[in-house]
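Peer 1: Below is one structure. I have some questions about it.
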Amino acid sequence: MNAVEVERLRIVRGGKVVLRELSCSVARCSVTGLLGPSGSGKSTLIRAIVGVQNVAGGDVRVLGSQAGAKELRARVGYMTQASSVYGDLTVRENLRFFASVLDVPRDRVEQVIAEVALQEEADRVVERLSGGQRTRVSLAAALLGEPELLVLDEPTVGLDPMLRRDLWRLFRELAEQGATLLVSSHVMDEADRCDSLLLIREGQLLAQATPAELRARTGAEQLDEAFLRLIEAVS
Amino acid sequence: MSLRVTLAVTARVLAQLRRDPRTIALIVGVPCLLETVLKELFRGGPVFQHAGPPLLGLFPFVTMFLVTSITMLRERTSGTLERLMTMPLAKLDLLVGYGIAFALVAVVQAVVVSSLSFGLLGLHVEGARVVVVALAVANAVLGSSLGLFVSAFAETEFQAVQFMPAVVFPQILLCGLFADRGTMAAWLRWISDALPLTYAYDALARTAAGTYGARFAVDVGVVCGCIALALALGAATLRRRTS
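From first to last, the protein sequence lines are chains A and B. Residue 1023 in my numbering sits at position 60 of the first sequence; the count goes up by one each step and never skips. Residue 312 in my numbering sits at position 152 of the second sequence; the count goes up by one each step and never skips.
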């Protein structure tokens, strides 16, 4: 069974249709990439999956329940695009607070700080950190509860190549340990690190495929070229 | 609701305030300054003795209204509220957690301001001073709850600040401090009857005069009821799903 099943999802924001009848799925224990240009509806789809988005139609099922259901709140980890941590608290204070909300032990805080490589910054106030460091605090908060499903909205924006590589390794490890990851990105070179890809554009699903399938289908070697060919085929 | 989560919210809000010592200095210092000015203005005479105790109890209402509405607005705009809404946290955990944090700050504020007023400034009340402090804290919680509620209607900090004169000033004008409620035009009095600060003021005035009576219990009951109502309204404005 899939971790996420989205069926004919329709979302309207401020009179504008953001997602039109979008259907897709996310397989368990995998890393699924959600790719598309900015403004394509990636964040909206993510918000619908974690259950904070008003939905105009369709159905989103997560880990066997309705998206946003109470029993999912301890099982789904969510990292928003904005860093969504308290700027006036230190890294450790932020994570200790979220740890109490999630009811996880304090040593878990130290673990996630190490996982996102912020040991040196642990006692620094978040608003004095760089953008990339803040993003990692936010990611650490999403990792805290060891969720079965991790939904990450552009977790690698503004990170240097080394850190990006390390984080993708971490995502891979988490998937191998049994977690399901849905990671959005607008950089196509991250697509190759995913088991499966969801390509969306203008609120519609262009393709759901593995990187290999995408190459075979389009005849393109580079994934960004494959994406372009898909768009051209549609229009 | 969970006590653990509620107290975690309280501890977090207090930790944030501790990072901002200037705000704490202003919360405590400004009412001290104003009470001193009031005393000097009326040379410690009857006007000071009349207005001093109610103001002592009403300061926390104003400060906590402002502080809470801005803090909550930040929570909404920074995305932390959205994150919390995906976590196992009840809306009341958040609201009550905030309420407790600002009540504790109000205790500090009320104790410092009343020590100064009753000590150095020679303010006198017939009733118990500790009741004045307790009422000040209740008013702080009322201010906090109303601040939480109205923050839902502000999109920016500029707007949130404007709610202070809109929500607080009419209540201060009509509560009975400036004009005796018995001499007000009937329609003003009806409005006054419907505003929570009227009861908060009445309780403070009765404490100052030492004439508690049954009406005092009604006052305290109305203030507590308004706190519960404002928290319920605040909870209604916290949406797990937004557009």
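We treat Cβ as the ideally placed atom computed from N, Cα and C, and that holds for glycine.
Tell me, which residues are paired with R1024 of chain A by DSSP?
Peer 2: Answer by DSSP bridge pairing, in chain order: A:E968, A:Q1029.
Peer 1: Bridge partners of K979 of chain A, per DSSP?
Peer 2: Partner(s): A:R976.
Peer 1: Listed from N- to C-terminal order along the chain, which residues in the segment 177-190 of chain B have their beta-carbon within a distance smaller than 8 angstroms of any beta-carbon of chain A?
Peer 2: Residues passing the 8 angstroms Cβ filter: R179, D180.
Peer 1: List the residues that DSSP assigns as beta-bridge partners of T1053 of chain A.
Peer 2: T1053 of chain A is bridged to A:V1088.
Peer 1: Please report the distance separating the alpha-carbon of L281 of chain B from that of G336 of chain B.
Peer 2: Going from the Cα of L281 of chain B to the Cα of G336 of chain B covers about 24 angstroms.
Peer 1: If you draw a straight line from the alpha carbon of Y1049 of chain A to that of R1164 of chain A, how long is it in whole angstroms?
Peer 2: Near 33 angstroms, if we compare the C-alpha coordinates of R1164 of chain A and Y1049 of chain A.
Peer 1: Measure the alpha-carbon distance for N299 of chain B versus I184 of chain B and round it to whole angstroms.
Peer 2: When rounded, the distance between both Cα atoms is 18 angstroms.
Peer 1: Based on the DSSP secondary-structure assignment, which residues constitute the bridge partners of Q1171 of chain A?
Peer 2: DSSP lists A:L1161 as partners of Q1171 of chain A.
Peer 1: On the DSSP bridge assignment, give the partners of T1143 of chain A in chain order.
Peer 2: Answer by DSSP bridge pairing, in chain order: A:L1112.
Peer 1: Compute the Euclidean distance between the alpha carbons of G385 of chain B and F309 of chain B, then round it to the nearest angstrom.
Peer 2: Near 15 angstroms, if we compare the C-alpha coordinates of F309 of chain B and G385 of chain B.
Peer 1: For chain A, check one thing: does any of its Cβ atoms lie closer than 8 angstroms to the Cβ of A168 of chain B?
Peer 2: Yes, A168 of chain B counts as interfacial toward chain A.
Peer 1: Beta-carbon within less than 7 angstroms of E1090 of chain A's beta-carbon, same chain only, minus the 5 sequence neighbours each way: which residues are those?
Peer 2: Answer for E1090 of chain A: G1050, D1051, listed in chain order.
Peer 1: Pull up the distance between the alpha-carbon of G381 of chain B and that of P181 of chain B, whole angstroms please.
Peer 2: Their backbone Cα atoms lie some 34 angstroms apart in a straight line.
Peer 1: Which term fits N1057 of chain A, buried or exposed, when burial requires 16 or more other beta carbons within 10 angstroms of its beta carbon?
Peer 2: With 16 or more Cβ atoms within 10 Å of its Cβ, N1057 of chain A is classed as buried.
Peer 1: What are the residues in the segment 244-259 of chain B lying within 9 angstroms of chain A by C-beta distance?
Peer 2: Flagged, chain order: L244, M245, T246, M247, P248, L249, D253.
Peer 1: DSSP state of Y1041 of chain A, grouped into three classes?
Peer 2: Three-state DSSP puts Y1041 of chain A in a strand.
Peer 1: Taking all protein chains shown into account, decide if M1125 of chain A is buried (16 or more other Cβ within 10 angstroms of its Cβ) or exposed.
Peer 2: M1125 of chain A should be labelled exposed.
Peer 1: Report the rounded CA-to-CA distance for H210 of chain B versus A390 of chain B, giving the unit in angstroms.
Peer 2: About 29 angstroms.
Peer 1: Using 8 angstroms as the limit for Cβ to Cβ distance, is T1043 of chain A near chain D?
Peer 2: Of the protein chains in this structure, namely A and B, none is chain D.
Peer 1: Is the segment 320-328 of chain B touching the segment 229-245 of chain B, taking contact as three or more C-beta pairs under 8 angstroms?
Peer 2: Output reads yes: the segment 229-245 of chain B touches the segment 320-328 of chain B.
Peer 1: Mind pulling the chain A residues with CB within less than 8 angstroms of R172 of chain B?
Peer 2: Within chain A, the residues near R172 of chain B are Y1049, L1052, E1056, F1060.
Peer 1: Can you pull the chain A residues whose beta carbon is under 8 angstroms from the beta carbon of V265 of chain B, in chain order?
Peer 2: Correct list: empty, because the minimum Cβ distance to chain A is about 15 angstroms.
Peer 1: Can you tell me whether P1068 of chain A is buried or exposed, with buried defined as 16 or more other CB within 10 angstroms of its CB?
Peer 2: Per the 10 Å Cβ criterion, exposed.
Peer 1: Give the interface partners of S1093 of chain A over in chain B, defined as CB-CB distance under 7 angstroms, in chain order.
Peer 2: None at all; the shortest Cβ gap to chain B is about 17 angstroms.
Peer 1: Show which residues of chain B have a CB atom less than 9 angstroms away from the CB atom of R976 of chain A.
Peer 2: What R976 of chain A touches in chain B: S403.
Peer 1: Give me the residue from B:T343, B:A369, B:Y372, B:L333 with the minimum Cα distance to L357 of chain B.
Peer 2: Of the candidates B:T343, B:A369, B:Y372, B:L333, the one whose C-alpha sits nearest the C-alpha of L357 of chain B is B:L333.
Peer 1: Taking DSSP as the reference, what is the three-state secondary structure of E1117 of chain A?
Peer 2: Of the three classes helix, strand and coil, the one that applies to E1117 of chain A here is coil, per DSSP.
Peer 1: Look up T170 of chain B in the DSSP assignment and say whether it is helix, strand or coil.
Peer 2: The answer is helix: DSSP assigns T170 of chain B an H, G or I state.
Peer 1: Does the CB of R1036 of chain A have a neighbour CB from chain B at under 8 angstroms?
Peer 2: Taking Cβ atoms only, chain B reaches closer than 8 angstroms to R1036 of chain A, which makes this a yes.
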